[in-house]
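Colleague: Have a look at the structure that comes next, please.
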Amino acid sequence: MNLYKTLSFTYYLGMAGIILGVFLKLNDSSLALPFLIGGFIPFMGIRLFNLLNAKEDRRRLHAILTVSALFLAAAIVAIYFQRSYWIIGILLTATLDFYVSFRKYS
Numbered sequence: 008m009n010l011y012k013t014l015s016f017t018y019y020l021g022m023a024g025i026i027l028g029v030f031l032k033l034n035d036s037s038l039a040l041p042f043l044i045g046g047f048i049p050f051m052g053i054r055l056f057n058l059l060n061a062k063e064d065r066r067r068l069h070a071i072l073t074v075s076a077l078f079l080a081a082a083i084v085a086i087y088f089q090r091s092y093w094i095i096g097i098l099l100t101a102t103l104d105f106y107v108s109f110r111k112y113s
């Protein structure tokens, strides 16, 4: 299997784990944190890989995506410490990803 296909598959699996973890957290399930952490590890790893291997004109966009993943990490830490403001990290992640989605291919 091609390296980029493997990375894409792993990235989508990580995103699915994050989405499932958020839905489980909204339902106050105890399984939310393991799903979020399990999804975050490949998510952050592939975003760092993309940042390090990006062409010069795409480096800024990948830096924004990496900062977005750091906000997700802050949300996961807030969930671990049972803080109610964890949703702010999720919203910042979604907002930055939404911003980059309109800038990526223009």
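The numbering used here numbers the first residue of the sequence shown as 8 and each following residue consecutively.
Even for Gly, the Cβ is constructed at its ideal location relative to N, Cα and C.
The structure displayed is predicted, hence computed values, not measured ones.
Evaluate residue 41 with the Cβ neighbour count: other Cβ atoms within 10 Å of its Cβ, from every protein chain shown; 16 or more gives buried, anything less gives exposed.
Modeller: Residue environment: residue 41 is assigned as exposed (fewer than 16 neighbouring CB atoms within 10 Å of its CB, all protein chains considered).
Colleague: Determine, using beta carbons only, whether residue 22 and residue 56 come nearer to each other than 8 Å.
Modeller: no
Colleague: Could you pull the start and end residues of the alpha helix (DSSP H) that residue 88 belongs to?
Modeller: That residue, residue 88, is in no alpha helix (DSSP H); it is neither H nor E in DSSP.
Colleague: Pick helix, strand or coil for residue 9, following the three-state DSSP scheme.
Modeller: coil
Colleague: Please classify residue 37: is it buried, with 16 or more other beta-carbons within 10 angstroms of its beta-carbon, or exposed?
Modeller: exposed
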